[in-house]
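Below is one structure, written out as structure tokens; the observations come after it.
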Amino acid sequence: MKNSINIIIVAIMMISIVSCKKDSKPNYQYMPNMYAPVGYEPYGDYEVFPGGQEAMLPAEGSIPRGWMPYDYKDSTEGYQLAKDSLKNAIRYTKANEESGKALYDIYCAICHGAKGDGKGTLVQREKILGVPSYDDIGRAITEGSIYHVMYYGINSMGSYAAQTSEQERWQIVQYVQKLKADLEGKTPRIDTNVVPVQVEAHNETTEENHGNAH
Ligand code: HEC
116 MKNSINIIIV AIMMISIVSC KKDSKPNYQY MPNMYAPVGY EPYGDYEVFP
166 GGQEAMLPAE GSIPRGWMPY DYKDSTEGYQ LAKDSLKNAI RYTKANEESG
216 KALYDIYCAI CHGAKGDGKG TLVQREKILG VPSYDDIGRA ITEGSIYHVM
266 YYGINSMGSY AAQTSEQERW QIVQYVQKLK ADLEGKTPRI DTNVVPVQVE
316 AHNETTEENH GNAH
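In case it helps, my numbering puts the sequence shown at residues 116 to 329.
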């Protein structure tokens with residue numbers, strides 16, 4: 116009799132201990148900081164951060180992934196330097212020209228016109244003035260100057276740095292160069308494959324060249 120009372124008491128104790136455990140809640144934690152990180156709300160005020168702000172500027176000199184620094188300054192000297200020395204970073208292929216055309220028709224044609232003659236829809240409707248033709252002799256645009264004005268904008272033309280990637284800007288540059296050549300009655304530049312594929316030799320370099328050729 117005494118024995119069974121003991122058993123019942125032990126059983127009740129066990130049940131009451133176990134019954135409080137809930138899988139959906141954390142159990143007892145003796146050093147909670149060991150398990151749970153301190154969460155900071157985005158843009159919250161916290162003393163631990165410099166300036167008391169959770170949101171901080173990127174460390175000086177850091178470069179976002181996929182973004183390349185552009186060294187030419189937004190000034191007359193920077194413009195001139197880019198005009199003289201900045202060269203297209205991609206090759207003038209048909210594929211790049213087609214991508215350039217698609218982007219040009221989206222971003223530029225509304226002012227500059229599909230042919231680049233400065234007679235886009237907004238100009239015809241007199242919504243904007245002073246849009247030059249790409250073959251304007253006084254401006255004598257170059258690869259570098261086209262890229263530069265797309266990057267920073269120029270007077271009433273805005274910057275396209277936020278809408279386009281570096282590669283896309285160079286594709287547009289190629290297409291603008293093509294429109295300019297067409298306006299001047301010249302043959303647009305197309306880079307033919309500079310790396311000839313050697314059929315006989317079967318070394319590694321040939322494999323690579325072969326890959327590039329396609
Ligand atoms: C809102 C109308 C507008 C749009 C859109 C526009 N431009 Fe322009 N663009 C202008 C005007 C206006 C000028 C003349 C600015 C000046 O020199 O006063 C100009 C000038 C230029 C020049 C000559 C700059 C020089 O060196 O003298 C180039 C090249 C050019 N634009 C390219 C582009 C390209 C490429 C795009 C598309 C990514 C584009 N523009 C989109 C209005 C526009």
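Think of the CB as a built atom: it goes at the ideal place given N, C-alpha and C, for glycine as much as any other residue.
Exercise for the section: Please confirm whether any heavy atom of the ligand HEC lies closer than 6 Å to the CB of G215. Expected result: no
Handout entry: Extent of the continuous alpha helix (DSSP H) to which Q289 belongs
Key = Here the alpha helix (DSSP H) through Q289 covers 281 to 299.
Handout entry: alpha helix (DSSP H) segments (min. 4 residues) lying fully within the region 153 to 203
Key = 191 to 200
Exercise for the section: Under 8 Å Cβ to Cβ from P165, same chain only, skipping five residues before and after it: list those, please. Expected result: Excluding its 5 nearest sequence neighbours in each direction, P165 has C-beta neighbours in its own chain below 8 Å: M171, listed in chain order.
Practice task
Specify whether the region 227 to 235 and the region 288 to 297 touch according to this definition: at least 3 beta carbon pairs, one from each stretch, less than 8 Å apart.
Solution key: yes
Exercise for the section: Answer yes or no: the CB of G268 versus the heavy atoms of the ligand HEC, is any distance below 6 Å? Expected result: False, no ligand heavy atom lies under 6 Å from that Cβ.
Practice task
Please list the segments of the alpha helix (DSSP H) lying wholly inside the region 245 to 277, counting only runs of 4 or more residues, in order along the chain.
Solution key: 258 to 267
Practice task
Assuming I287 contacts G215 (C-beta within less than 8 Å), just tell me the rounded distance between them.
Solution key: 5 Å
Practice task
Please list, in chain order, all residues of the same chain as E156 whose beta carbon is under 7 Å from its beta carbon, the five residues on each side excluded.
Solution key: E169
Exercise for the section: Compute the distance between the beta-carbons of K209 and T257, then report whether it is under 7 Å. Expected result: no
Practice task
Provide the residue span of the alpha helix (DSSP H) that contains T236, from first to last.
Solution key: 236 to 239
Problem - Close-in-space but distant-in-sequence residues of the same chain around N142 (CB under 8 Å, 5 per side omitted) - result: K136
Handout entry: Cβ-heavy atom distance, S248 to the ligand HEC, below 6 Å
Key = no
Handout entry: Outcome for E162 when other beta-carbon atoms lying within 10 angstroms are tallied against a minimum of 16
Key = It counts as exposed.
Practice task
Return yes when the C-beta of S280 is under 6 Å from any heavy atom of the ligand HEC, and no when it is not.
Solution key: no
Exercise for the section: Could you tell me the distance, in whole angstroms, from the CA atom of N327 to the CA atom of K188? Expected result: Unreliable placement is indicated for N327, whose pLDDT of 46 sits below 50; the coordinate value is still reported in the next sentence. Cα to Cα, the separation comes out at about 34 Å.
Exercise for the section: Report yes if the CB atom of Y207 is closer than 7 Å to the CB atom of R304, and no otherwise. Expected result: yes
Practice task
Return the residue from the list S248, I127, S190 that minimises the CA-CA distance to A224.
Solution key: S248
Exercise for the section: Tell me, to the nearest whole angstrom, how far the beta carbon of Y267 is from that of L201; I am working on the premise that it is less than 8 Å. Expected result: Not really, about 13 Å apart at Cβ, beyond 8 Å.
Problem - Limits of the alpha helix (DSSP H) - the one that G215 falls within - result: 209 to 222
Problem - Alpha carbon of N118 to alpha carbon of I130, nearest angstrom - result: 18 Å
Problem - Cβ neighbours of V264 in the same chain (closer than 7 Å, five flanking residues each side left out) - result: M272
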